[in-house]
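Here's the structure, in structure tokens; my notes come after.
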Amino acid sequence: MVRFDIITLFPGMFGGPLDDSIIGRAREKKIIEIFLHDLRHYAGDNHRTVDSPPFGGGAGMLLMPGPLFEAVDQVSSQTEGEFRTIAMSASGRPLSEEVVADLIGCPNLILVCGRYEGMDERFLQNKVHDEISVGDFVVSGGELPAMVLIDVLARQLEGVLGSSDSLREESFGAGLLEYPQYARPANYEGWE
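Here it is as structure tokens:
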């Protein structure tokens, strides 16, 4: 079983995508577990402050180190065995089959979802094992990339897909794209 712990400001974003389809079935079969952690619960003040303007100026807000350190420390203390902390970040290494192969053996993955202008560098340098990006573009936060990473990793686990042939014949499995495929009927409105 693989355990995913997601640290986020918006845990409500994960309900539908992680409860349905292949991921939902993998959770029902107890192949994967997913736990959501609201970053604000780890803030040290009454206002549950998690962001601050960057030192030296610049636009936007950064996620503060205190809540991030506290969240990872508490979440990692709940895991059994090896764990890796991954920051979902536009500046991370690109998600690829090589990255997936590197992560697939780890039983506990803590995914930290960035927001705003990113995360305090002290957190990234001292608590994060890897920063991963899902592409050369910027999204509003790390939540959607975290869902992509969970989906990509879960499909690699035995019993998640309906057929083991599905994984073997996957587009990037041999470094090549798949051939064109057609569903039934053989003739649809004159097209074959």
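Under the working numbering, the first residue of the sequence shown is numbered 8, with each subsequent residue one higher.
Ideal placement from N, C-alpha and C gives every residue a C-beta, glycine not left out.
Could you please give the first and the last residue of the uninterrupted alpha helix (DSSP H) stretch that includes Met-154?
150–161
Are there three or more Cβ pairs, one per stretch, closer than 8 Å when the stretch 96–110 is compared with the stretch 47–55?
no
Spatial neighbours of Phe-11 within its chain, please: C-beta separation below 6 Å, excluding the five flanking residues on both sides.
Ile-41, Leu-116, Ile-157
Tell me whether Met-95 sits in a helix, a strand or coil according to DSSP, three-state version.
strand
Could you give the C-beta distance for Phe-76 and Phe-130, rounded to a whole number, given that I count them as a contact under 8 Å?
6 Å
Check this for me: beta carbons of Leu-46 and Thr-15, under 8 Å apart or not?
yes
From Gly-149 to Asn-194, what does the alpha carbon distance come to, in whole angstroms?
43 Å
Leaving out five residues on either side along the sequence, give the residues of the same chain with a beta carbon under 7 Å from the beta carbon of Glu-199.
Ala-193
Can you give me the Cβ contacts of Gly-65 inside the same chain, cut-off strictly under 8 Å, excluding the 5 residues immediately before and after it?
Glu-124
What did DSSP end up calling Leu-168 once you bin it into helix, strand or coil?
coil
How long is the line joining the alpha carbons of Phe-21 and Val-141, rounded to whole angstroms?
17 Å
Span of the beta strand (DSSP E) around Glu-40:
39–45
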